[in-house]
Amino acid sequence: MRKLLLVLAVLVAFLILFQTLILDKLPEKVEEDKYSDLSNIPVTSALPQYLGSLFLGAFRAVAIDVLWINYDDAKQDRRYYEAKEIIELISYLQPRNEAVWDFLAWDVAYNIAYGERHSTEDEWWRWIRYGFLKMKEGADANKKSPYLRYMLGFMLDHKASWEGGRFQMDYITAFEKDLELQAKLIGKKVDKPLSPFEFAIEWYKEAKDVLAEYRKRTGRRYYAFKGGVAVHSLTLDIYIKECFYYQAMLCWQRGDFRGATTWLDKALEHANYILKQYGEDDVSPIHRRYPNFFSRLREILPAAEAADKKETLLADKANVLSLLEQLLKDFATFDNFYVHTFVSDMKKSLGGDEYEFNDATYCAIGLTRDRVIYSTIAPMRLDVDYYSIYVASPEKGSGEKFIPKNVRFAVDREGGIDIAVSVYNQINEKAVYKSFNNENSIMLSFKAEVPGLYYIKVEMAGNDGKWSPQDKYSLQLIEIK
11 MRKLLLVLAV
21 LVAFLILFQT
31 LILDKLPEKV
41 EEDKYSDLSN
51 IPVTSALPQY
61 LGSLFLGAFR
71 AVAIDVLWIN
81 YDDAKQDRRY
91 YEAKEIIELI
101 SYLQPRNEAV
111 WDFLAWDVAY
121 NIAYGERHST
131 EDEWWRWIRY
141 GFLKMKEGAD
151 ANKKSPYLRY
161 MLGFMLDHKA
171 SWEGGRFQMD
181 YITAFEKDLE
191 LQAKLIGKKV
201 DKPLSPFEFA
211 IEWYKEAKDV
221 LAEYRKRTGR
231 RYYAFKGGVA
241 VHSLTLDIYI
251 KECFYYQAML
261 CWQRGDFRGA
271 TTWLDKALEH
281 ANYILKQYGE
291 DDVSPIHRRY
301 PNFFSRLREI
311 LPAAEAADKK
321 ETLLADKANV
331 LSLLEQLLKD
341 FATFDNFYVH
351 TFVSDMKKSL
361 GGDEYEFNDA
371 TYCAIGLTRD
381 RVIYSTIAPM
391 RLDVDYYSIY
401 VASPEKGSGE
411 KFIPKNVRFA
421 VDREGGIDIA
431 VSVYNQINEK
441 AVYKSFNNEN
451 SIMLSFKAEV
461 PGLYYIKVEM
471 AGNDGKWSPQ
481 DKYSLQLIEI
491 K
């Protein structure tokens with residue numbers, strides 16, 4: 011018995027000594043101890059419920075679950091600043107969980123920020139920048155995570171370009187003005203304001219570097235995030251290439267043609283790098299065509315810069331329109347609406363067609379009495395434009411029955427362009443069809459038998475009619491009675 015007790019005593023002493031001299035000095039243990047030190051816990055209104063859980067040992071996980079429930083409740087009740095305090099505790103208690111940082115940062119920068127958009131612009135931007143900083147904090151806490159770095163780059167990029175290729179200029183402007191945020195994201199003072207695309211490129215590159223280290227350690231080609239996303243270097247390079255392109259288009263829209271040239275050159279260089287680095291077997295046919303697309307767009311830039319000047323002759327502008335339209339035609343199979351949108355926006359600016367993207371009923375432009383809408387049949391003769399007229403029903407609860415309405419609208423054309431105008435009801439029945447003869451202005455009418463939307467379709471009257479991408483037509487609602 012004495013021998014057994016002696017052996018146990020020696021074993022316990024050894025374990026204590028081993029923990030003190032070895033385990034407690036391991037980097038992982040030192041890092042973990044920081045999250046058990048009460049002096050380091052963020053001071054929030056949610057702190058008391060966590061402090062109580064510290065004495066429950068194994069029930070600490072339950073306390074974290076309670077914090078998540080409280081976070082969701084606070085968010086649903088729009089108690090956003092209470093939700094922010096809970097976020098600080100959750101991220102403090104689960105610093106090694108990538109999914110925690112990923113969810114919280116995205117939720118704040120997108121969902122809460124969107125909810126506050128209806129309050130003030132300052133609140134909206136405050137939540138976006140907080141989401142960015144939480145994602146950066148998560149990346150700093152997880153040095154070996156390429157995913158969190160990729161997500162920070164993606165958020166910076168996506169917030170500016172999510173809407174079908176149209177830049178979110180309010181977001182871009184707010185980001186460029188916030189030099190404090192930029193300094194925190196880059197870890198040093200910035201010399202000049204940068205765009206979110208420029209920052210996204212750097213974070214995508216950092217994700218590539220961390221992914222390369224991961225590949226050396228594990229031999230795996232990609233990083234599998236537990237949320238179901240696989241981070242591959244090819245994916246990151248494609249995002250980098252797209253950000254080069256977006257930055258070029260941003261410069262072009264702002265009239266900075268030198269900047270547009272510089273960034274298009276970078277996009278072209280990176281597109282060629284992708285083909286060389288990964289080979290045609292790994293790169294999709296669409297992405298294999300990007301070098302040619304960027305080269306063609308780069309060649310148009312000098313003519314576009316000249317056409318941007320007020321004194322430019324109409325013939326020179328027509329030449330740029332022709333080049334852009336041919337580019338659209340040659341790359342019509344691109345499965346990337348950003349390409350078409352950006353190029354068509356330039357065409358619209360030169361040609362005066364403010365409502366190009368209305369070639370289906372779901373994006374029809376509404377006609378009103380107080381506005382004349384000008385458009386063109388462009389970029390090609392096959393362009394089709396849709397408009398809508400809303401016929402209201404009687405007010406709910408009024409007891410009135412709907413009485414069929416007579417609707418009148420005016421159509422004018424310039425340059426004798428041969429167009430045909432059709433009106434469709436809700437079940438796609440054609441109510442009116444009219445093509446122009448020699449007149450340049452006509453008044454069309456139809457009877458609205460039921461309330462709701464009625465669609466007007468404008469197209470070329472035939473394949474041999476007179477057409478020019480500069481020739482405009484206009485529509486205006488006259489009356490509904």
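The number in our numbering is simply the position in the sequence shown, starting from 1, with 10 added. Every residue, glycine too, gets a C-beta built ideally from N, C-alpha and C. Please read these numbers as outputs of a predicted model, since none were measured by experiment.
CA-to-CA distance, residue 461 to residue 154, given in whole angstroms: Rounded to whole angstroms, the gap between the alpha carbons of residue 154 and residue 461 is 60 Å.
Distance between residue 386 and residue 400 (C-alpha atoms, nearest Å): Residue 400 and residue 386 have their C-alpha atoms spaced approximately 23 Å apart.
Through-space distance from residue 255 to residue 308, alpha-carbon basis: Near 11 Å, if we compare the C-alpha coordinates of residue 255 and residue 308.
Reference residue 482, options 292, 418, 382 and 218, closest by Cα: Relative to residue 482, the option among 292, 418, 382 and 218 whose CA is nearest is 382.
Residue 177, DSSP secondary structure in three states: Under the three-state reduction of DSSP output, residue 177 falls in the coil class, being neither helix nor strand.
Contact under 9 Å by Cβ, residue 418 with residue 454: Yes, they are a contact pair.
Buried or exposed (CB count within 10 angstroms, at least 16 for buried), residue 259: Label assigned to residue 259: buried.
Residue 108 burial status per 10 Å Cβ neighbour count (16 or more: buried): Flag for residue 108 reads buried.
Cβ contact check for the region 191 to 202 and the region 239 to 250: 3 or more pairs under 8 Å: By the criterion of at least three beta-carbon pairs nearer than 8 Å, the region 191 to 202 is not in contact with the region 239 to 250.
Residue 248 - DSSP class collapsed to helix/strand/coil: Annotated three-state conformation of residue 248 is helix, per DSSP.
Which of helix, strand or coil DSSP assigns to residue 439: Looking at residue 439 - three-state DSSP - the assignment turns out to be coil, as it is neither helix nor strand.
Burial state of residue 273 (16 or more Cβ within 10 Å): The residue is buried, with at least 16 neighbouring Cβ atoms inside 10 Å.
Reference residue 105, options 131, 488 and 150, closest by Cα: The alpha carbon of residue 105 has as its nearest neighbour, out of 131, 488 and 150, the alpha carbon of 150.
For residue 289, the three-state DSSP class (helix, strand or coil): It is helical.
Burial state of residue 80, where buried means 16 or more other Cβ atoms lie within 10 Å: When all chains shown are included, residue 80 counts as buried.
Simplified DSSP assignment, three categories, for residue 46: Residue placement at residue 46 is flagged as unreliable, the pLDDT there being 48, under the threshold of 50; a coordinate-derived value is accordingly withheld.
Closest by C-alpha distance to residue 209, when choosing among 189, 222, 223 and 228: The shortest C-alpha to C-alpha distance from residue 209 to any of 189, 222, 223 and 228 is the one to 189.
Stretch-stretch touch, CB-based, cutoff 8 Å, three pairs: the region 219 to 238 with the region 272 to 287: Counting Cβ pairs under 8 Å, fewer than three are found: no touch.
Unbroken stretches of the beta strand (DSSP E), 3 residues or longer, contained in the region 402 to 474: For the region 402 to 474, the full-length beta strand (DSSP E) segments reaching 3 residues or more read 415 to 423, 429 to 434, 440 to 445, 451 to 458 and 462 to 470 along the chain.
Bridge partners - residue 385, DSSP secondary structure assignment: Per the DSSP secondary-structure output, residue 385 pairs in a beta bridge with 483.
Meets three-Cβ-pair contact criterion under 8 Å: the region 198 to 207 and the region 159 to 171: As far as the Cβ criterion goes, the region 198 to 207 touches the region 159 to 171, which means the pair count is three or higher.
With 16 other Cβ atoms within 10 Å as the buried cut-off, status of residue 287: With fewer than 16 Cβ atoms within 10 Å of its Cβ, residue 287 is classed as exposed.
Reference residue 148, options 412, 102 and 186, closest by Cα: The residue among 412, 102 and 186 with its C-alpha nearest the C-alpha of residue 148 is 102.
Range of the contiguous beta strand (DSSP E) that encloses residue 241: Residue 241 -> beta strand (DSSP E) spans 240 to 242.
Beta-ladder partner(s) of residue 375, from DSSP: 397, per the DSSP bridge assignment.
Whole-number beta carbon distance between residue 458 and residue 414, since they are thought to touch under 8 Å: Yes, they are in contact, since the Cβ atoms of residue 414 and residue 458 sit about 6 Å apart, within 8 Å.
Cβ separation of residue 218 and residue 243, assumed to be a contact under 8 Å, to the nearest whole Å: For residue 218 against residue 243, the beta-carbon gap comes to about 6 Å, under 8 Å, which counts as contact.
Classification of residue 222 by the beta-carbon crowding that lies within 10 angstroms, buried from 16 upward: A residue is called buried once 16 or more other Cβ atoms fall within 10 Å of its Cβ, and residue 222, having fewer, is exposed.
Candidates 280, 161, 410 and 281, of which the one nearest residue 239 by Cα: Minimum Cα distance to residue 239 is reached at 161.
Check whether residue 376 and residue 398 have beta carbons under 9 Å apart: Going by C-beta atoms, residue 376 is nearer than 9 Å to residue 398.
Other residues of its chain near residue 235: CB distance less than 7 Å, five sequence neighbours each side excluded: Cβ within range, chain order: 108, 157 and 241.
Residue burial classification, residue 110 (beta-carbon count within 10 angstroms, cutoff 16): A buried status is given to residue 110, since no fewer than 16 other beta-carbon atoms sit within 10 Å of its beta-carbon.
Residue from 71, 267 and 127 whose Cα sits closest to the Cα of residue 100: In this structure, 71 is the residue among 71, 267 and 127 with its C-alpha nearest to the C-alpha of residue 100.
Length of the line joining the Cα atoms of residue 125 and residue 82: Going by C-alpha positions, residue 125 is about 14 Å away from residue 82.
Neighbourhood of residue 411 by C-beta distance below 8 Å, restricted to the same chain and skipping five residues each side: Here the set comprises 404.
Range covered by the beta strand (DSSP E) that runs through residue 234: For residue 234, the uninterrupted beta strand (DSSP E) run begins and ends at 232 to 234, by DSSP.
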